[in-house]
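Chains H and V, in that order, are what the protein sequence lines are. Take the first sequence: its position 82, counting from 1, is numbered 67 in our numbering, and each next residue is one higher. Take the second sequence: its position 86, counting from 1, is numbered 71 in our numbering, and each next residue is one higher. Cβ coordinates follow ideal geometry from the N, Cα and C atoms, glycine included. From a predicted model like this one, the values you see are computed outputs, not experimental measurements. One structure is given here, and the rest of the page talks about it.
Number of protein chains: 2
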Amino acid sequence: MGDELSFTIKDVSDKLNLSTHTIRYYEKEGVIPKVKRNDNGVREYTTTDIQWLELVCCLKETGMPLKNIKQIVRLSLVTNTEDTLEERLEILTNHKNKVLEHMKSTEKNLMKINKKIDYYKGNVNCKEGKIQ
Amino acid sequence: MGDELSFTIKDVSDKLNLSTHTIRYYEKEGVIPKVKRNDNGVREYTTTDIQWLELVCCLKETGMPLKNIKQIVRLSLVTNTEDTLEERLEILTNHKNKVLEHMKSTEKNLMKINKKIDYYKGNVNCKEGKIQ
DNA sequence: TCTTGACTTAGAGTTAACTCTAAGGGGTAT
DNA sequence: ATACCCCTTAGAGTTAACTCTAAGTCAAGA
Chain H
-14 MGDELSFTIK
-4 DVSDKLNLST
6 HTIRYYEKEG
16 VIPKVKRNDN
26 GVREYTTTDI
36 QWLELVCCLK
46 ETGMPLKNIK
56 QIVRLSLVTN
66 TEDTLEERLE
76 ILTNHKNKVL
86 EHMKSTEKNL
96 MKINKKIDYY
106 KGNVNCKEGK
116 IQ
Chain V
-14 MGDELSFTIK
-4 DVSDKLNLST
6 HTIRYYEKEG
16 VIPKVKRNDN
26 GVREYTTTDI
36 QWLELVCCLK
46 ETGMPLKNIK
56 QIVRLSLVTN
66 TEDTLEERLE
76 ILTNHKNKVL
86 EHMKSTEKNL
96 MKINKKIDYY
106 KGNVNCKEGK
116 IQ
């Protein structure tokens, strides 16, 4: 009890493949909660801090703007967290639906790209016909 | 012969859901080939022009930077188009592979998001336990 | 004829998300 | 003790992809 594991910003940077600049930027902007400092003012990341960052990466990689991620963080830090559960759930569910839609349209676009590739391949073999 | 269908920039804007600004910007930047003008200097889009724009949208929506799209256009406009087929094929195939990878990672991220949603839903029902 | 509205241009402004710089402090290896 | 590297901050700069503005031309409708 009390002696939790802690990590430097460099550790976290290496682990999550984010620059130290970006990690500090996220904290300054409220994309993740404030991180505890030691007596020298140096940030000491807990596993919870790292979990937050992992969530941020997951949402960011699926296209959620930082603005919305901030909103989730803000809602998670109120005194009575359960008051904001519904709202956070709505943000996440909306996002999930957007991701699903995006996957569908990506599949369609992929088919178009494949057609284009096949068209080019046809030209490579035949060396004739109209090319766009 | 000679009397091809042609469309105004407004027509194209409505059809493809791109602003007229954006369409002109694409032309200026070389993202699409130059469009023919009438005697008053007004752009008249052919179906081929529209097909180009549709390809651009497809590539853009799947995350290809305009820089690479320009490259494809440039390679399509050389005198001996078949000389550049292999290179265009490579750009498209690389892109296709990136899209496939991205889809895979999106699926993983979606699973994480679903877990988070389930976790929140559990909290909504139980109103107890640690919340992050 | 006058107005309206679409078109033209060059170029400035915006936004998100970093990315970097300058100026300085602290702890550790040689 | 000196060099080195990581840490800190505020704030400036960058990039991609638009997005808009100003100033002007042109043609069709009232």
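message = As a quick exercise: from Ile102(V), Glu75(V), Tyr105(V), pick the residue whose alpha carbon is nearest that of Asn99(H).
response = Position 114 of the first sequence, counting from 1, holds the residue named residue 99(H). Among Ile102(V), Glu75(V), Tyr105(V), the Cα nearest to that of Asn99(H) is on Glu75(V).
message = Could you check whether the Cβ of Thr78(V) sits closer than 8 angstroms to any Cβ belonging to chain H?
response = As a position in the second sequence, residue 78(V) is number 93, starting the count at 1. Yes, contact with chain H.
Test: Ile102(V) CB closer than 8 angstroms to a CB of chain H = Walking along the second sequence from the start, residue 102(V) turns up at place 117. So yes, Ile102(V) belongs to the interface.
request  = For Gly(-13)(V), I'd like the list of residues in its chain whose CB is within less than 7 angstroms of its CB, leaving aside the five on either flank, ordered along the chain.
outcome  = Here residue -13(V) refers to the residue found at position 2 of the second sequence. The predicted model places Gly(-13)(V) with a pLDDT of 47, which falls under 50 and marks its position as unreliable, so this point remains unresolved.
key: Residues of the segment 0 to 15 of chain V with Cβ closer than 9 angstroms to any Cβ of chain H, in chain order   = none
key: Terminal residues of the alpha helix (DSSP H) in which Lys13(V) lies   = Position 28 of the second sequence holds residue 13(V). Run containing Lys13(V): 5 to 14, per the alpha helix (DSSP H) assignment.
task = State buried or exposed for Val27(H), treating a residue as buried only when at least 16 other CB atoms are found within 10 Å of its CB.
result = Translated into the one-based positions of the first sequence, residue 27(H) becomes position 42. The residue in question, Val27(H), is exposed, as its Cβ has fewer than 16 Cβ neighbours within 10 Å.
inquiry  = Using a Cβ-Cβ cutoff of 9 angstroms, what residues of the segment 81 to 106 of chain V are near chain H? List them in chain order.
reply    = Lys81, Val84, Leu85, His87, Met88, Ser90, Thr91, Glu92, Lys93, Asn94, Leu95, Lys97, Ile98, Asn99, Lys101, Ile102, Tyr105, Lys106
ask   = Residues in the segment 58 to 78 of chain H with C-beta within 9 angstroms of chain V's C-beta atoms, listed in sequence order?
value = Ser61, Thr66, Glu67, Leu70, Glu71, Arg73, Leu74, Leu77, Thr78
ask   = Between Leu95(H) and Lys83(V), which are expected to be in contact by the criterion C-beta below 8 angstroms, what is the C-beta distance as a whole number of angstroms?
value = Within the first sequence, the letter at position 110 stands for residue 95(H). Within the second sequence, the letter at position 98 stands for residue 83(V). Their Cβ separation, rounded to whole angstroms, is 11 angstroms, which puts Leu95(H) and Lys83(V) out of contact at 8 angstroms.
query = Should Lys106(V) go down as buried or exposed, given a rule of 16 or more other Cβ atoms within 10 Å for buried?
reply = Position 121 of the second sequence holds residue 106(V). Exposed: under 16 other Cβ atoms inside 10 Å.
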